[in-house]
Structures are given as structure tokens and as C-alpha cells.
Amino acid sequence: MDGIHLLVVNLSRFQFALTALYHFMFVPLTLGLTFILAAMETAYVITGKEIYKEMTQFWGKLFGVNFAIGVATGLTMEFEFGTNWSMYSRFFGDIFGTPLAIEGLMAFFMESTFIGLMFFGWDRLSRGAHLAITYLVALGSNISALWILVANACMNMPAGAHFDPETMRLTSTSFVALVFNPDAQAKAVHTSVAGFVTASMFVMGISAFYLLRKQHREFAARSFRMAALFGIISTIAVITLGDVLGRLDYMHQPTKVAAMEGLWETSKPPYEPWILFGIPDDKKQTNYLEVGIPFVLTPLLTHDFTTPIPGVKELKNQAVPRIESGIKAVAALKRYGEGHRQVDLDIFKAHQKDMGYGFLASQYAPDQDIAKITSEYKSTIIEKTKNDIVPNVFVTFWAFRIMVFLAIYFFVIFAMGSYVSLKRQIEKNRLFLKIITWSIPLPFIASEFGWITAEVGRQPWSVYEILPTVVSSSTHSAGYMVFSLIGFLLFYSVFIVVEFYLMFKFARLGPVKYQDKDSLSKKVFTYQEGWGD
Numbered sequence: 001m002d003g004i005h006l007l008v009v010n011l012s013r014f015q016f017a018l019t020a021l022y023h024f025m026f027v028p029l030t031l032g033l034t035f036i037l038a039a040m041e042t043a044y045v046i047t048g049k050e051i052y053k054e055m056t057q058f059w060g061k062l063f064g065v066n067f068a069i070g071v072a073t074g075l076t077m078e079f080e081f082g083t084n085w086s087m088y089s090r091f092f093g094d095i096f097g098t099p100l101a102i103e104g105l106m107a108f109f110m111e112s113t114f115i116g117l118m119f120f121g122w123d124r125l126s127r128g129a130h131l132a133i134t135y136l137v138a139l140g141s142n143i144s145a146l147w148i149l150v151a152n153a154c155m156n157m158p159a160g161a162h163f164d165p166e167t168m169r170l171t172s173t174s175f176v177a178l179v180f181n182p183d184a185q186a187k188a189v190h191t192s193v194a195g196f197v198t199a200s201m202f203v204m205g206i207s208a209f210y211l212l213r214k215q216h217r218e219f220a221a222r223s224f225r226m227a228a229l230f231g232i233i234s235t236i237a238v239i240t241l242g243d244v245l246g247r248l249d250y251m252h253q254p255t256k257v258a259a260m261e262g263l264w265e266t267s268k269p270p271y272e273p274w275i276l277f278g279i280p281d282d283k284k285q286t287n288y289l290e291v292g293i294p295f296v297l298t299p300l301l302t303h304d305f306t307t308p309i310p311g312v313k314e315l316k317n318q319a320v321p322r323i324e325s326g327i328k329a330v331a332a333l334k335r336y337g338e339g340h341r342q343v344d345l346d347i348f349k350a351h352q353k354d355m356g357y358g359f360l361a362s363q364y365a366p367d368q369d370i371a372k373i374t375s376e377y378k379s380t381i382i383e384k385t386k387n388d389i390v391p392n393v394f395v396t397f398w399a400f401r402i403m404v405f406l407a408i409y410f411f412v413i414f415a416m417g418s419y420v421s422l423k424r425q426i427e428k429n430r431l432f433l434k435i436i437t438w439s440i441p442l443p444f445i446a447s448e449f450g451w452i453t454a455e456v457g458r459q460p461w462s463v464y465e466i467l468p469t470v471v472s473s474s475t476h477s478a479g480y481m482v483f484s485l486i487g488f489l490l491f492y493s494v495f496i497v498v499e500f501y502l503m504f505k506f507a508r509l510g511p512v513k514y515q516d517k518d519s520l521s522k523k524v525f526t527y528q529e530g531w532g533d
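Using the UniProt record's numbering, the first residue of the sequence shown is number 1, and each one after it goes up by one.
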């Protein structure tokens, strides 16, 4: 293992976080808008009404802009694993690479093939054939997300993998276990329906903008209604699946849960409150200005009223014997690599489950060599290491709450939107339309904070309890990392500017069919007759 350069590690983390968050600005809209397009086109095929075709084509144009830029921002991320995270790629690549390869060969090419037919096949394919193409694009987009999340889930809950001391790699033992990892299945559906929420708010917001300006009223009203109904169902699903993921984290990643909940001391069931507001202090291990709802946290996570939830302080103490065991495992692994003695292999296997804690402790060892840890310094190294096993509580705590509060807000907005649209009262509620228009960015923000919760909450591990982030990076110079970071920042900022420019341009223009007729439609369109059926 090469030396650990903390500045390089932190710059690598920041660069990957930046590129991932940039990329994930585009992903949710792609995932959700494809199925909204499929629903609109289904209405067109069933009813034969041209307005549904116009809706599909207009929202499809905005989808195309988002899809193209999203692909461009996503491709560079996969190369970053090799350039900036070579130790991670060497150690975990046999597992991580398989679902990514399948995603490229299966889902990405499926999307790329059919998306052209979707855009240019309106006059060349039958209605049924074109509808099938649209569903295949939607399916391909979400299958793509599935395979990426299969790879990500194995970082959070390793499954179907075994460490080989001969090759110093994780090797696959069960492809089925990898694919059907509970974390992968729950996270894939949660991410997809979060995309549905994002797309629903996007369509509702732009439709509300048209209705405020009394433009494209029939088009906007129908789009608004469909998006509101789609959104309320999706929000219920995303909240339900969020509970499933929280339960999985409670069972498999207790440090993440303790950070998410700002739980420093082990909980006292059943009273333990769910904290609505608080300011966690990582150094002093306490919360300031805490406001909570009693009797909520225990049943929320444990699904009973008696099981205590371990807090940060207890989890740190529980880690001490695992750190000691991990130091023995890594020291034995190093000796085995040098001499291939059976006795060293036996010692390693006896402590293998704690190997990751030994890697985590190696950063504090003399010359970062675990074999040089002496009894004189061992307790100090263990003390430092145990303080590293919990993620940044302040960031994880607030990222989680922002996501949750926004999900509740979306439920209220979509419920109200569904009600007023079904009651034919949309245009009577101008304040509500303004609120929806200004709410367009909020699902994107919620998705970003969801990923911050998941990824910051997994720290200090790149592969949970097996490979620490601190030993996963490449050995670049700090200057190289700063230069590449600035380059990526500028590169991705250009994409964001292009996305916003094109989206605003096409959204302001509106559907082509109505651009020349809009002034006439204002005079002849009546609220009840136009879109009541």
C-alpha cells in the first residue's frame, strides 16, 4: 500500500463529490420524465386526441436536452475511478465493474438505440410501435439506474463478495447475491420514484407558469393534472421506500443512523424523540437548540417500542475491540504477503472480518506501517481510529432533514395540485401557481441532499467496514488534483449554463402548435369546455 496523503485524499473526495452532484442534477429528471412521456403518449394512443401527442413531443424536447447533457456529465465519472481512486479500483473493481459493464452494454445502448426512434419516428412508425419505443426508452433509463445502484449498494452493504488474500482483491462469489442485495433493490426503486417526483414538479411548475401568463391553457391544464396525479403517487412511494432504506441502515450501518438522527447517547425507548431541529456539535458530541417529537424515533427505526438504538459514543466504544482485531489482521496479511506462511494466513482468517478497521488505523501507524505499531503507541492509535468511525454528524443530520422536510412539502403540493386540477379550479389559485413555479428546483435539491446523506453517512468507508476511503485514492500530487478540480468545475459549469439556457428557451417558447394561436385561444377557450373531459 502506498503512503497516505490526506490532502490528496480530501481533494479526490471533493472532486468526485462535485462531479457526482453535478451529474445527479440531470439524472432524476431523466428517470421520471421518460415515464410521464410514456403516460402522455398512452393517453394519445387510447383517445386519439392530438393534444396528448403535442404534450408528449413538447416535454420530450425538454427531456432530450436533459438526457444529452446528463450523459456527457456521467461518462467522466466512471473514468475518475481509475484516475483518482486506483486503490479502490484495484481492490473492489472485480465487483464494482461487473454491474457498470452490464449497465453500459445493456441499458445505455438500449436507451441510445431507441431514443432516436422516439424523437424521429413519429411519421415513420405506427402509433403502437412508437408507444412501445417510448416505453423502452423509459425502461432503459431506469434499468441503467438499477445497475449503477447495484454497484453502489455493494459499497454500503457488501454482498456476494469475498476477500482473497492471495490477490489482495474482493472477488465475486455470487452474482445473484450482488444483484438482489436488499439495499440495491430498495435504493433503485427509491431513486427512480424520486425521479418521478422531480419530473412531476418540473411539468407542474412549467404548466403553472403558462397558466399564470394565460398561455397554452388547455395544454398546460392537462399537463398539470397528469403531473399532479403522477406526483402524489410517486411521493407516497418515495416516502415509503425511504422508510425501508432507513430500516436497512439501522440494521447494517448503525453509525450512519446515529449521525442522521444526531444520536450521541444510546436511545431510551420508547420516549426517545425524533429531532425536528438541532445544531449538532461534532467536537463536543452534543446538540444545541434541540426540538423533537417524543415517542417517534424508536418505532420509526426499530418498528417496536422496546429496542434501544446505539448512539455515537457507544458505537465508538464498540469499535475498540474491532480495531485491535483489525490491526492483527492487517499485520498478519502483510507478513503472509512477504513469506506466505500458513500461520500468518490462519491469524489473518481469524481476524479477517475486522480487516477494514486495521486499514483505517494504518494512517496513524509509524510510517503508516501497521507492523510498526508498538504497545507504547497502540492505545493512542486505537483512540484516534475510533473517533474516525462515525461520519460528520452535522452534515449527515441536516442533509437528511432537508430531504425529509422537502418530501413532506411535495406531498402537500401534489395533493393540493391534484385536488384543484380535478375540481377545475387551477387558474383561480394564482398564489398556488406561483408557489409551484418557484418549487421547480426543490426536488433537485432534495435528491442532492439524499445522496449527501447516503454517501457522507457511509464514511469513513468506501466499502463499508472493509476498505476505508483514506486508503482508496491514487497517489497524485496535490497540484495535479487542484488543477483537475478547477478543470472539472469549469467544464461542468458550462454544461449547467447550457442546460439552463436551453430549458428556459424551449419552455418560454412553449408547444409549437400553440405559439401562433395563443392569442386566439385566450379569446375562445373556456375553462369548462377546454379540458374537462
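Backbone N, C-alpha and C fix where the C-beta goes; we use that ideal spot for every residue, glycine too.
Asked                                                                                                       : Found
Range of the contiguous beta strand (DSSP E) that encloses glutamate 290                                    : 286-293
Proximal residues to valine 179 (C-beta, below 7 Å), its chain only, five neighbours per side dropped       : Val150
Nearest-angstrom Cα separation, counted from lysine 428 out to phenylalanine 504                            : 25 Å
Under the three-state DSSP convention, the category tyrosine 527 falls into                                 : At tyrosine 527 the pLDDT is 38, less than 50, meaning the model places this residue with poor confidence; the figure from the coordinates comes in the next sentence. The answer is helix: DSSP assigns tyrosine 527 an H, G or I state.
Straight-line Cα distance separating serine 267 from proline 310                                            : 6 Å
Which residues DSSP lists as bridging serine 172, in chain order                                            : Ala161
Beta-bridge pairing of tryptophan 398 - partner residues as DSSP gives them                                 : DSSP output for tryptophan 398 lists no bridge partner at all.
Alpha carbon of glutamine 215 to alpha carbon of glycine 510, nearest angstrom                              : 9 Å
Cβ pair count under 8 Å reaching 3, the region 220-235 against the region 272-280                           : no
Backbone CA spacing between leucine 502 and lysine 49 [nearest angstrom]                                    : 28 Å
Top-ranked residue by Cα proximity to methionine 201, from Leu33, Gln425, Phe16 and Pro391                  : Leu33
Where leucine 276 falls: helix, strand or coil (DSSP)                                                       : strand
DSSP three-state assignment for proline 511, whether helix, strand or coil                                  : coil
Ranges of the alpha helix (DSSP H) found wholly within the region 363-423, counting only runs of at least 4 : 375-386 and 393-422
Tryptophan 438, enclosing alpha helix (DSSP H) - first and last residue                                     : 430-438
Where leucine 11 falls, given that 16 or more other Cβ within 10 Å makes a residue buried                   : buried
Rounded separation between glycine 479 and serine 473 - CA only                                             : 15 Å
Segment limits, alpha helix (DSSP H) that includes tryptophan 59                                            : 50-84
Start and end residues, alpha helix (DSSP H) containing tryptophan 451                                      : 442-458
Touching by the beta-carbon criterion (3+ pairs, under 8 Å), the region 103-115 and the region 136-153      : yes
Inter-stretch contact (C-beta, 8 Å, three-pair minimum) for the region 351-369 and the region 461-468       : yes
Residue(s) in a DSSP beta bridge with proline 468                                                           : Trp461
Neighbourhood of arginine 335 by C-beta, 6 Å cutoff - its chain only, sequence neighbours within 5 removed  : Asp344
Presumed contact (8 Å Cβ cut-off) between phenylalanine 67 and threonine 42, rounded CB distance            : Wrong, their Cβ atoms sit about 20 Å apart, outside the cutoff.
DSSP bridge partner residues for aspartate 281 (one or two, in chain order)                                 : Thr286
Any chain C beta carbon closer than 8 Å to threonine 198                                                    : This model lacks chain C altogether; it includes just one protein chain.
Sequence-distant residues of its chain with Cβ nearer than 7 Å to aspartate 388 (five each side left out)   : Leu360 and Pro460
At least 3 beta-carbon pairs within less than 8 Å: the region 385-403 vs the region 318-334                 : yes
At least three beta-carbon pairs within less than 8 Å, the region 69-88 to the region 13-21                 : yes
Euclidean distance between Cα positions of glycine 60 and alanine 221                                       : 17 Å
Buried or exposed (CB count within 10 angstroms, at least 16 for buried), alanine 316                       : According to the sequence displayed, residue 316 carries lysine and not alanine. The residue in question, lysine 316, is buried, as its Cβ has 16 or more Cβ neighbours within 10 Å.
Inter-residue CB distance, leucine 297 and glutamate 314 (contact presumed, cutoff 8 Å)                     : With 8 Å as the limit, leucine 297 and glutamate 314 do not qualify as a contact, their Cβ atoms being about 15 Å apart.
Exposure of tryptophan 438, with buried meaning 16 or more beta-carbon neighbours within 10 Å               : exposed
Pair within 8 Å by beta-carbon distance, histidine 303 and valine 238                                       : no
Tryptophan 451: CB within 7 Å of a non-hydrogen atom of the ligand MN                                       : Looking at this structure, you won't find the ligand MN or any other ligand, since it has none at all.
Contact check, proline 254 vs threonine 306, beta carbons under 8 Å                                         : no
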